[in-house]
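Data first, discussion second: the structure below is written as C-alpha cells.
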Amino acid sequence: MTTLMNKILLLFFNKYFLCSISCFILFLKNMVERMSKACWLVAAIIFTAATVVYGQQAPCFFVFGDSMSDNGNNNNLKSEAKVNFSPYGNDFPKGPTGRFSNGRTIPDIIGELSGFKDFIPPFAEASPEQAHTGMNYASGGSGLREETSEHLGDRISIRKQLQNHKTSITKANVPAERLQQCLYMINIGSNDYINNYFMSKPYNTKRRYTPKQYAYSLIIIYRSHLKNLHRLGARKVAVFGLSQIGCTPKIMKSHSDGKICSREVNEAVKIFNKNLDDLVMDFNKKVRGAKFTYVDLFSGGDPQAFIFLGFKVGGKSCCTVNPGEELCVPNQPVCANRTEYVFWDDLHSTEATNMVVAKGSFDGIISKPYSIAQLAKE
Numbered sequence: 217m218t219t220l221m222n223k224i225l226l227l228f229f230n231k232y233f234l235c236s237i238s239c240f241i242l243f244l245k246n247m248v249e250r251m252s253k254a255c256w257l258v259a260a261i262i263f264t265a266a267t268v269v270y271g272q273q274a275p276c277f278f279v280f281g282d283s284m285s286d287n288g289n290n291n292n293l294k295s296e297a298k299v300n301f302s303p304y305g306n307d308f309p310k311g312p313t314g315r316f317s318n319g320r321t322i323p324d325i326i327g328e329l330s331g332f333k334d335f336i337p338p339f340a341e342a343s344p345e346q347a348h349t350g351m352n353y354a355s356g357g358s359g360l361r362e363e364t365s366e367h368l369g370d371r372i373s374i375r376k377q378l379q380n381h382k383t384s385i386t387k388a389n390v391p392a393e394r395l396q397q398c399l400y401m402i403n404i405g406s407n408d409y410i411n412n413y414f415m416s417k418p419y420n421t422k423r424r425y426t427p428k429q430y431a432y433s434l435i436i437i438y439r440s441h442l443k444n445l446h447r448l449g450a451r452k453v454a455v456f457g458l459s460q461i462g463c464t465p466k467i468m469k470s471h472s473d474g475k476i477c478s479r480e481v482n483e484a485v486k487i488f489n490k491n492l493d494d495l496v497m498d499f500n501k502k503v504r505g506a507k508f509t510y511v512d513l514f515s516g517g518d519p520q521a522f523i524f525l526g527f528k529v530g531g532k533s534c535c536t537v538n539p540g541e542e543l544c545v546p547n548q549p550v551c552a553n554r555t556e557y558v559f560w561d562d563l564h565s566t567e568a569t570n571m572v573v574a575k576g577s578f579d580g581i582i583s584k585p586y587s588i589a590q591l592a593k594e
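The numbering of the sequence shown is the numbering used here, which starts it at 217 and goes up by one.
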C-alpha cells in the first residue's frame with residue numbers, strides 16, 4: 217500500500233492540475249482507511265489524460281460475464297434480466313441496446329482504450345466472421361453456478377458462454393496463433409451472491425455453506441472454466457474480482473438500513489476475491505503461456521470514496537426504481553446530473569463510474585501483475 221501511495225503522490229505533484237482541491241486535501245490528511253479506499257480512484261483520474269493508444273493493440277477481444285458486461289445477449293431471452301428499453305442507453309449513441317447502464321460499459325471503454333474502432337458485438341447479433349475480431353458473450357443474471365438467478369428466467373451461464381465461444385471460433389476457423397494474441401476479459405460471480413447466496417428463496421446455499429466454504433466452491437468452478445478458456449487458446453486474460461456489492465443500493469436496502477453498506481455481504485465477497493486473486497497468481501506460475509491479471513474492484517468500491525472525485529451521489533440510483541426492485545422503471549425520469557452519480561439503477565453503475573474503473577484496470581492501477589494495456593500490446 218505504501219509503494220502505491222508513493223507512486224500516486226508523485227504522479228499527483230507532476231499532474232496536479234488534473235485533480236481537484238478535495239483530492240489534494242485527501243492526500244495530505246492522515247486518513248489511512250479512507251485513503252486506502254480512494255487512492256486508486258484518484259490515480260485513475262490522474263491517468264485519464266495520460267493514456268495514448270496508437271492503433272488497435274490486439275487482433276481480437278472476447279468478453280465473458282454478467283450484466284456488468286452484457287451488451288444485448290439477453291434481449292431476446294425470456295428473462296427479467298434484460299434492459300433493451302429506455303432509459304437504459306440514455307447516453308449511448310444507439311440508445312437502448314441491452315447495456316445495463318446509461319452509456320458505455322467497462323468492456324466498451326476497454327475496447328476503445330485498446331484501439332478497437334467499433335464496439336465488440338454481442339454473440340446474439342454477431343456474424344460468424346466476427347469471431348476473428350471478437351465477441352461479447354456476457355449475459356445479465358449469469359453466474360458461476362448453474363442455478364444462480366434462475367428466478368429471473370433465462371440467462372446464459374458462464375459454462376454456456378464458453379460453449380458459445382468454442383462454437384464461434386471453430387465455425388470461423390480462427391487460427392490458434394491468433395487466439396493466443398487476443399485479449400480476454402471475464403467478470404463473473406456477483407450474481408452468485410446477490411441472486412443466490414444472499415437470497416433465501418428459492419436458494420439454500422447459505423444454509424449449506426459458510427461464507428468460506430461457498431467462496432471455495434465458487435473458485436473450484438472458476439478454476440475449471442479458466443482451464444477450459446486456456447485450452448481454447450486464451451493466454452492474455454483480465455479476471456475481474458467482485459466489487460463491494462454490499463454497498464449497492466439494492467443490498468443496502470435489503471441487508472442494511474439503506475444508508476450504510478452491508479458488512480456481512482462485503483466480508484463474504486472479500487473471501488471470494490482473495491481466493492480469486494490467489495487463483496490468478498497460481499495460473500501464471502503453473503499454466504504454460506498464461507498471462508492472466510487480477511483486477512481489484514473491491515479496494516476502492518465504497519461509493520463514498522467516489523465523492524472525493526466529484527461524484528456527489530453514492531447511495532442511490534440515478535433512474536427511477538420501484539421499491540423492492542433493482543432495474544429502472546421504463547420511460548420514467550432520470551437524474552439530469554448523471555456524471556455525479558455512482559449508480560445508474562440499484563445495482564449497476566453509470567458510464568462515469570465505468571470510465572473510472574476501466575481506466576484504472578487498463579493503466580494498471582487496480583490490476584496485477586499486468587495492466588490490461590500490457591496484455592493488449594504484448
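Quick reminder that beta carbons are idealized off the backbone N, C-alpha and C, glycines included.
One alpha carbon belongs to Asp-562, the other to Thr-421, and they sit about 24 Å apart. Here Val-529 carries a strand assignment [DSSP, helix/strand/coil]. With at least 16 other beta carbons inside 10 angstroms of its own, Asp-408 counts as buried.
A distance of 8 Å or more separates the beta carbons of Ile-410 and Ile-476. Just so you know, the alpha carbons of Ala-589 and Ile-581 end up roughly 11 Å apart. Ranked by how close their Cα comes to the Cα of Ser-355, the residues Cys-398, Lys-452 and Asn-290 have Asn-290 in first place.
In the DSSP assignment, Arg-320 is bridged to no other residue. For Leu-543 and Gly-531, the gap between their C-alpha atoms comes out near 15 Å. With respect to the 8 Å criterion, Asp-370 and Ser-285 are not classified as neighbours on the basis of their beta carbons. Distance between Ile-402 and Arg-361, taken at the CA atoms: about 15 Å.
Rounded to the nearest angstrom, the Cβ distance from Ser-317 to Trp-560 is 5 Å, consistent with a contact under 8 Å. By the CB criterion at 8 Å, Arg-423 and Pro-275 fall outside the cutoff. Here DSSP, grouped into helix, strand and coil, assigns Tyr-430 to helix.
Under the three-state reduction of DSSP output, Arg-394 falls in the helix class.
Taking a contact to require three or more Cβ pairs closer than 8 Å, the stretch 429-442 and the stretch 479-493 qualify as touching.
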